[in-house]
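Below is one structure, written out as structure tokens; the observations come after it.
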Amino acid sequence: MTTESEHGQLPPSLPLDDALIDTFLQIPEGLSFDCKRLGKLDRVLETVVAFANTEGGIICT
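Numbering-wise, the sequence shown is residues 127 to 187 according to the working numbering.
Written as structure tokens, this is what we have:
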């Protein structure tokens, strides 16, 4: 059986701890998923604008 995370999609339920970060880091970046480090606000804003100009994505805070 193939899970959604194997296809670069978020799994249906996520743990709320360090395992969540590990899960995110295993997902390849693409049109609807990107990771940014804190402190790089200009890059985060570029990503938000890029998502708005394409098919969209999920922004987690």
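Cβ coordinates follow ideal geometry from the N, Cα and C atoms, glycine included.
Backbone CA spacing between residue i and residue j [nearest angstrom]
| i | j | result |
| --- | --- | --- |
| residue 153 | residue 168 | 23 Å |
| residue 147 | residue 155 | 14 Å |
Distance CB(residue i)-CB(residue j) smaller than 7 Å
| i | j | result |
| --- | --- | --- |
| residue 173 | residue 157 | no |
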